[in-house]
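**Q** As given, the protein sequences belong to chains X and L, one line each in that order. Note that this note's numbering numbers the first sequence so that position 224 is 221, with each residue one more than the last. Note that this note's numbering numbers the second sequence so that position 16 is 89, with each residue one more than the last. Ideal placement from N, C-alpha and C gives every residue a C-beta, glycine not left out.
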Amino acid sequence: MKKIDFHIHTLVTVRDSAFVFDIETLKRYVREASLDAIAITNHDIFDSNQFEQIMNALDIVVFPGIEVSLDCGHVLIISDMDNLPSFKDKANQISRKITRREDCITIDDFKIIFSDLSKYLVIPHYGKNPAISDEDLKKIKSSVSAGEVDSAKKFIRTLKDEAKLTPVLFSDARISDRLVNLPIRQTFIDCGELSLSAVKECLRDRTKVALTQEDGNKLFPIFDNGQKLSTGLNVLIGDRSSGKTFTLDKINETNEGVKYIKQFSLVQQDNDACERDFNSRLQKNKSQFTEDYLSGLKTVLNNVINIDLEANDRLVAKHVESLLKSAVEAHRKDEFSKVVLFDAQEFNITESNALSDLIESVRHIIENIEFGEIIEKYVDKESLKRLACELMELLWKRQFESKKKSYVNNLIRDIKKSLKMRTSAAQVEEVDLYRMVIDQRKVRRFEKIVKFLQTEKTIADENIQEYTIIAQKGPFAGAGELKTVSGARTAFKDVFQLYERPYDYLRALVAKEELTPSELYKLFVKISYRILNKDGFEVSGGERSEFRLLQEIKDAQNYNILLIDEPESSFDNMFLKSDVNQLIKEISQSMPVVVVTHNSTVGASIGADYVVYASKENDGGKVVYRLYAGHPSDKKLVSLDGKTISNYEKMLNSLEAGHDTYASRGVGYEAIKN
Amino acid sequence: MKLLKIEETLGYYLNKESGYTEIDKITKEDLMRLADLTLENEVIFDEYSDESIKNHAHQIVYKSVFSNLKNLENRRQEFKDEVSRLFLSEYERYKEKPSK
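1) I'd like the list of long-range same chain contacts for K640(X), defined as Cβ closer than 8 angstroms, with 5 residues on each side in sequence excluded.
2) Within 10 angstroms of the Cβ of P82(X), are there 16 or more other Cβ atoms? Answer buried if so, exposed if not.
3) Excluding the 5 residues flanking F333(X) on each side, which residues of the same chain have their C-beta closer than 6 angstroms to its C-beta?
4) With 8 angstroms as the C-beta to C-beta threshold (strictly closer), list the residues of the stretch 336 to 365 of chain X near chain L in chain order.
5) Would you mind working out which of V17(X), I528(X) and V482(X) sits nearest T513(X), comparing C-alpha positions?
6) Helix or strand or just coil, what does DSSP make of K573(X)?
7) Where does the unbroken beta strand (DSSP E) through K(-1)(X) begin, and where does it stop?
8) Measuring alpha carbon to alpha carbon, tell me which of I366(X), H71(X), N350(X) and F16(X) ends up nearest S173(X).
9) May I have the straight-line CA-CA distance separating Y645(X) from K632(X), to the nearest angstrom?
10) Could you tell me if K173(L) is buried or exposed, where buried requires 16 or more neighbouring beta carbons within 10 angstroms of its beta carbon?
11) Can you tell me whether D202(X) is buried or exposed? The criterion is at least 16 other CB atoms within 10 Å of its CB, across all chains shown.
12) Rounded to the nearest angstrom, what separates N162(X) and A128(X) at their Cα positions?
13) Taking the runs of the alpha helix (DSSP H) that are 4 residues or longer, which of them lie wholly in the stretch 366 to 450 of chain X?
14) Compute the distance between the beta-carbons of G714(X) and S148(X), then report whether it is under 8 angstroms.
15) Using a Cβ-Cβ cutoff of less than 8 angstroms, which residues in the same chain neighbour Y135(L) once the five nearest sequence positions on both sides are dropped?
16) How big is the Cα-Cα spacing for N276(X) and T296(X)?
17) Alpha carbons only, please: which of V313(X), L408(X) and E318(X) is nearest the one belonging to A341(X)?
18) Counting only beta-carbon atoms, is R100(L) nearer than 8 angstroms to chain X?
19) So is M74(L) in contact with chain X if we call contact Cβ pairs under 8 angstroms?
20) Nearest chain X C-beta to S172(L) closer than 8 angstroms, yes or no?
21) Check for me: the beta strand (DSSP E) holding D60(X) runs from which residue to which?
22) Going along the chain, which residues of the stretch 422 to 436 of chain X sit with their C-beta nearer than 9 angstroms to a C-beta in chain C?
23) What alpha helix (DSSP H) runs, 4 residues minimum, are completely inside the stretch 63 to 105 of chain X?
24) Using a beta-carbon distance cut-off of less than 8 angstroms, what residues from the stretch 148 to 172 of chain L approach chain X?
25) Return the residues of the stretch 311 to 339 of chain X that lie within a Cβ-Cβ distance of less than 7 angstroms from chain L, sorted by chain order.
26) For D123(L), which residues from the same chain have a beta carbon less than 8 angstroms from its beta carbon, with the 5 sequence-adjacent residues on both sides left out?
27) Indicate the three-state DSSP secondary structure (helix, strand or coil) for Q280(X) in the structure shown.
28) Could you compute how far the alpha carbon of Q437(X) sits from the alpha carbon of L520(X)?
29) Report buried or exposed for L279(X), applying the criterion of at least 16 other Cβ atoms within 10 angstroms of its Cβ.
30) Considering only their Cβ atoms, is the gap separating E198(X) from H4(X) smaller than 8 angstroms?
31) List in chain order: all unbroken beta strand (DSSP E) runs of 3+ residues lying wholly within the stretch 145 to 180 of chain X.
32) Going by beta-carbon coordinates alone, are Y599(X) and L580(X) separated by less than 8 angstroms?
33) Kindly identify the DSSP beta-bridge partner or partners of L87(L).
34) Can you check the stretch 478 to 528 of chain X for any alpha helix (DSSP H) of at least 4 residues that lies completely inside it and give the ranges in chain order?
35) Compare the C-alpha of E49(X) against each of V11(X), M78(X) and G475(X) and name the closest.
36) What residues in its chain sit with their C-beta under 8 angstroms from that of K247(X), if we drop five residues either side in the sequence?
In C-alpha cells form, the structure reads like this:
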C-alpha cells in the first residue's frame, strides 16, 4: 500500500488566509506521516520554481498540480512530470483568468483550457465544500478518477455506495511554519509503482483505496502520532484522571465537524429555567421545519403584500367620476378633446406566464434522461421538439406584440397628456378593471389559505425512540405571542384586533415600520411543538434530559465524528440500555463514535468495534499518558510504543470495579433471586 | 344576462336589484360589479352606436363602459385560467393536509 496526499497548499493566494510556507515543515510532515507521494495543488496557480525547490528537497514522488476554482466547485488537476511544460502553460492560463477571490471559470472554459483531460489526474471536490455540481460532473466524468471528501465518515459512506466516485481523503493543508498538529487526512492506495497513470488506474477501482494500511477501512488515523480509532464504535475506558476527557478534548480540537456531548451537559438544575430553555431550543431546532411548512404562505404573501385594494378602489372611483364629469361637460368639447385618442384606452398587455410554463414543462420531458425510455414509449421526442419550437415561436410573437403595444401605449399617454393641456374638457382617467378584479380574487384566495392555516391541526410527528415530537398549527392566542415571534419592539394590541380578517391584518402589519416585510409570514399562524412520552403525556424534567440526549445523538448525523463523555453520569441504566445504546450503535454504522464510560451497561453491553484504554503511568519518574487499543475480542491491548496490557483485566477493572467485585455481585444477585 | 341595454335612445346598466338604471347614474361599485359579472358569466350588451343613443352624456358614458366590458369579455378565458391557477399549489398544500 502507498500513502498519498494529493492536496497540499504551499502558496498564499487570494483564497487563503496568510501563512508562511516552510519546507522544513513539509519535510517533517512527509517523514512523520510516512507519505509515499504528494501533489502540490495551490489555488489557481502553479509556481514551477517553488515546485522544483520542493521536489529537490524531498525524496518521495512529488506531482505538479493545481486546484482550479470553477463556478460550480473546486477541482484538483494533477499532471505527470513528462507533461510539465504543457501543464505549466495551462495553469498560467487559469492564473490569468482568476486574479480576485470572487473570480472563477466555467466548466466549459475549463475543458477548453485543459483540452485533453485524459492526460491528467482529475479529482473534484465531492463530499467536501465547495463540491462540484452533478450537472458539471457529468460533463467531465469520463476523465475523473476519484472524488475528494473531507472526513473518514464521508470516505466510508462514499466507498460503500457503488454509484459514487472512488473517495480520496487528503489534508488540504497549508504547510505553514506555525503548523502544530500535522495533518491526519491521507489515503492509502494499493498501487505498485507511483506513476500518474498507475495511480489513475488504481483509483478507478474502489477496492484499492483505504484509510489505514493494515486495517483497511475499519480504522482511521485520529492523531498525527499514528493513533487510530475504529470508523465505527469506540469505547474509551480508564481510571479517573487517566486522560479520557483529555483525549476527547484533543480529538475535538484537531478534527473538523466534531459533535461533542460533554459530561453532565444535559442534566437539568433549575426546573423552570430548564423547561424554558428546553422549549426555546426545541423551537429553534425545529425552525427549519417551520420555515419549510410556511414557505408556501411566504410565496403567497410576497405577492399579496403589494396589493392595495383601497388604492384600487380609489382608481375606479376616479375613473367613474372623470367619466361622468366628461359626460356632463360634453358641451365643452373642442378640437383637442374631440381627437379620438383624447379618451382612448391603452392596450392590455398580458403576461405569457402560462405559455412560458408550458414550454418549460415540454423541455423537461425532452431533456429528461432518467425516464427517457419510458417517455419515448409513449411520445415521440421529435414531435415534442416540434411542439416546443412552435410554442416558443408563439411566445416570441406574443412578446413582440407586447413590446409593440407597450410602445404604442407610451405614445398614447404622451398624446393624451398634450391634448389635456390644451383643452378645458375633462379627460377620463384610465383604469385596468381586469387587474382590479384579479387583485380581489388574489386577496380572497389568500384569506382562504390563511384560514386553512389557522385551523388547529397536528401537521407532523416525529418519533425519537420512545418520545414523539408533535408539530401543531393554529391561531395565535394574543398580541404577546406575536411580539415573541416577531422579536420586534413594538405593540401588537391594535393589529391583533384585525387578526380574524387576514387581509386587513396584513395591511396593518405592513403599516408597522418596525416589522420587516419579508418576515411577516411568521405572524399569521402559530406553529408549536410538544414532546410526548411513550404514554402520550407531556415530558417530565428527567424525561426532558433523556430526550435531549437522544436528540443530540441524532443530531450527530450532521457531523463527521461523535464524542460522548460518560452518558451514565446523567441517566439510569434502563434508559442507557434500551435507548441510548441502540441509538449509538445505529449511528456508529455510518460514522465514528467515541464513548467514554465507566458503566458496564454502556461499555460492555453496547457491542463496541474498538476498545481504547487510557492510562496514566510513571515512566522512570516522568508522568506519561498512554492509550492502549485493540478489538474487543483481542486478549491484549497495544500502545503506539508497543506496550501491552490485558484487555480482560482492564475491562473488568474499569467497568465492574475489578474481578472480585464482579464475582461477588453475581453471588449477591443469585442470593436475592433465590 | 344583459348588462347594458339601449332603450328609447337612452343607455341603461343592470343594477344590483336586477333592474336597469340610467347609465349616467353608474357608481364605482356598479362598475366593479359589472366587471365581475362579465369575467365570470356569459353576458350580453346592446352594441353601442352614435345613432342609437341621442343623449350626449349617455353616449359618452355608455361608450366607455361598453368598450371596457367588451374588453373584459374578450379576456374571460384568460381570466378563468389565471384565477384557477392563483396560488394553486399553496392552496392545495394547506387545504389537503389530512388531519392526524
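**A** Quick look at the numbers:
1) Counted from its first residue, the first sequence places residue 640(X) at position 643. Cβ neighbours of K640(X) beyond the five flanking positions: R623 and Y625.
2) Here residue 82(X) refers to the residue found at position 85 when the first sequence is read from its first residue. Exposed: under 16 other Cβ atoms inside 10 Å.
3) Along the first sequence, one-based indexing puts residue 333(X) at 336. Same-chain partners within the cutoff: L416, R419 and T420.
4) D340, Q342, N345, T347 and A351
5) Stepping through the first sequence from its first residue, residue 513(X) is reached at position 516. It is V482(X).
6) Position 576 of the first sequence holds residue 573(X). Lys is not the amino acid found at residue 573(X); the sequence shown has Leu there. Looking at L573(X) - three-state DSSP - the assignment turns out to be helix.
7) Along the first sequence, read from residue 1 onward, the residue named residue -1(X) stands at position 2. Where K(-1)(X) is concerned, the enclosing beta strand (DSSP E) stretches over K(-1) to H6.
8) Taking the first residue of the first sequence as position 1, residue 173(X) is located at position 176. Here the closest residue by C-alpha is F16(X).
9) Within the first sequence, the letter at position 648 stands for residue 645(X). Within the first sequence, the letter at position 635 stands for residue 632(X). Approximately 7 angstroms between the Cα atoms of the pair.
10) Counting from 1 along the second sequence, the entry for residue 173(L) is found at position 100. For K173(L), the predicted model reports a pLDDT of 42, less than 50, meaning its position is unreliable; a value from the coordinates is still stated below. So K173(L) counts as exposed.
11) As a working note, residue 202(X) is residue 205 in the first sequence. Flag for D202(X) reads exposed.
12) Residue numbering aside, residue 162(X) sits at position 165 when the first sequence is read from its first letter. Residue numbering aside, residue 128(X) sits at position 131 when the first sequence is read from its first letter. It is Leu, not Asn, that sits at residue 162(X) in the sequence shown. If you take the alpha carbons of L162(X) and A128(X), they lie about 13 angstroms apart.
13) 369 to 375 and 378 to 419
14) Any property of residue 714(X) remains undetermined from this structure, which presents chain X solely from -2 to 671.
15) By one-based count along the second sequence, residue 135(L) stands at place 62. These residues qualify, in order along the chain: L77, I79, G84, I96, Y121 and I126.
16) Residue mapping note: residue 276(X) aligns to position 279 of the first sequence, counting from 1. Residue mapping note: residue 296(X) aligns to position 299 of the first sequence, counting from 1. The alpha-carbon atoms of N276(X) and T296(X) are separated by roughly 28 angstroms.
17) Walking along the first sequence from the start, residue 341(X) turns up at place 344. Comparing Cα-Cα distances from A341(X) to each of V313(X), L408(X) and E318(X), the minimum goes to L408(X).
18) Sequence index remark: in the second sequence, residue 100(L) carries index 27 (1-based). One detail in the question is off: residue 100(L) reads as Thr in this sequence, not Arg. Yes, T100(L) counts as interfacial toward chain X.
19) As a working mapping, residue 74(L) is identified with position 1 in the second sequence. For M74(L), the answer is no, since every Cβ of chain X falls outside 8 angstroms of its Cβ.
20) For this step, residue 172(L) is matched to residue 99 along the second sequence. In this predicted model, S172(L) has a pLDDT of only 46, less than 50, meaning its place in the structure is not dependable enough to derive any value.
21) Walking along the first sequence from the start, residue 60(X) turns up at place 63. In the sequence on display, residue 60(X) carries Phe and not Asp. From DSSP, the beta strand (DSSP E) with F60(X) extends over V58 to L67.
22) No chain C appears in this structure, whose protein chains are X and L.
23) 81 to 94
24) R148, E151, F152, D154, E155, V156, R158, L159, F160, S162, E163, Y164, R166, Y167, K168, K170 and S172
25) V313, A314, V317, L320, L321, S323, A324, V325 and A327
26) Translated into positions along the second sequence, residue 123(L) becomes position 50. Result list for D123(L): Q132, in chain order.
27) Looking up residue 280(X) in the first sequence gives position 283. Q280(X): helix per DSSP, three-state reduction.
28) Residue numbering aside, residue 437(X) sits at position 440 when the first sequence is read from its first letter. Residue numbering aside, residue 520(X) sits at position 523 when the first sequence is read from its first letter. Spanning the two alpha carbons is a distance of roughly 22 angstroms.
29) Here residue 279(X) is taken as the residue at index 282 of the first sequence, counted from 1. Buried, because 16 or more other Cβ atoms sit within 10 Å of the Cβ of L279(X).
30) By one-based count along the first sequence, residue 4(X) stands at place 7. By one-based count along the first sequence, residue 198(X) stands at place 201. No, they are not a contact pair.
31) 164 to 166
32) Sequence index remark: in the first sequence, residue 599(X) carries index 602 (1-based). Sequence index remark: in the first sequence, residue 580(X) carries index 583 (1-based). A small correction: the amino acid at residue 599(X) is Val; Tyr does not occupy that position in the sequence shown. Contact: no.
33) The count along the second sequence starts at 1 and reaches residue 87(L) at position 14. L87(L) is bridged to Y93(L).
34) 490 to 493 and 499 to 507
35) For the purposes of this step, residue 49(X) is identified with residue 52 of the first sequence, where counting begins at 1. Cα-wise, what sits closest to E49(X) is M78(X).
36) Residue numbering aside, residue 247(X) sits at position 250 when the first sequence is read from its first letter. For K247(X), where only same-chain residues beyond five positions count, the Cβ hits under 8 angstroms are F220.
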